[in-house]
Amino acid sequence: MAMELLVFKSFGDFTRYLEGRIEDIRRQLNDYIRRYNEIKERADRLKNIEELFAKMLGAKPELVSEIDLKGLKIVIGARPTDEVKVLEEVIKSLQDRLNVLIRVLKLIEPLASSLSETPGIEVMVEFVNGIPVKILLRETYS
0 MAMELLVFKS
10 FGDFTRYLEG
20 RIEDIRRQLN
30 DYIRRYNEIK
40 ERADRLKNIE
50 ELFAKMLGAK
60 PELVSEIDLK
70 GLKIVIGARP
80 TDEVKVLEEV
90 IKSLQDRLNV
100 LIRVLKLIEP
110 LASSLSETPG
120 IEVMVEFVNG
130 IPVKILLRET
140 YS
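Note that numbering that gives the first Met the number 0 gives residue 128 to position 129 of the sequence shown, counting from 1, and the numbers run on in steps of one.
Listed below in structure tokens is the structure:
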């Protein structure tokens, strides 16, 4: 679990930061989805060939290409099917994070519109894995 604390000079800065993160994740997600679609075709062809051989041989051939090194998995000779699995996990995770950030942005809209550029208010935000979990509003002292 990665935790961090960011300080923004105004609520407007915080909302602009969230909007930027949302756009970054959308771009990343689009890149991964495009890559997934390209690899998925190859993976499906490979899977069909494997199923054909499994029917012909009467058993599915075992392929041992993954090594677990104290919790770190290493795949030797990664195949399109391995890449598809990883991309599916990453896409789901990014989509979940994107949905949460969009929800947070909608939740804070009323507060943001009221306090957007209010002088003397600083915004401290605690993030866990890139998601805001606590917002502290505090007065700044000049």
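Each residue gets a CB set at the ideal place from its N, CA and C atoms; glycine is no exception.
Since the model is a prediction, treat every value here as computed from it, not as a measurement.
Name the two residues that bound the continuous beta strand (DSSP E) containing isoleucine 158.
Since the first residue shown for the chain is 0 and the last is 141, residue 158 is missing from the structure and cannot be characterised.
Using 8 Å as the cut-off, can you tell me whether the region 28-40 makes contact with the region 73-86, which would need three or more C-beta pairs spanning the two stretches below that distance?
They touch, by the three-pair rule.
Assuming leucine 4 and methionine 123 form a contact by the criterion Cβ under 8 Å, report the distance between their Cβ atoms to the nearest whole angstrom.
What you label residue 4 is simply residue 5 of the sequence shown in a count that begins at 1. What you label residue 123 is simply residue 124 of the sequence shown in a count that begins at 1. Yes, leucine 4 and methionine 123 are in contact; Cβ-Cβ is about 6 Å, under 8 Å.
Assuming arginine 137 is part of the beta strand (DSSP E), what are its boundary residues?
For the purposes of this step, residue 137 is taken as residue 138 along the sequence shown, with counting starting at 1. For arginine 137, the enclosing beta strand (DSSP E) stretches over residues 130-138.
Contacting residues, own chain, Cβ-Cβ under 6 Å from phenylalanine 13 (five flanking each side not counted)
On the sequence shown, position 14 is the one that residue 13 refers to. Spatial neighbours of phenylalanine 13 in its own chain (CB-CB distance under 6 Å, excluding positions within 5 residues in sequence) are listed in chain order as Phe7, Val122.
Going by the DSSP bridge assignment, what does methionine 2 pair with across the sheet?
As a working mapping, residue 2 is identified with position 3 in the sequence shown. Note: methionine 2 sits in a beta bridge opposite Val127.
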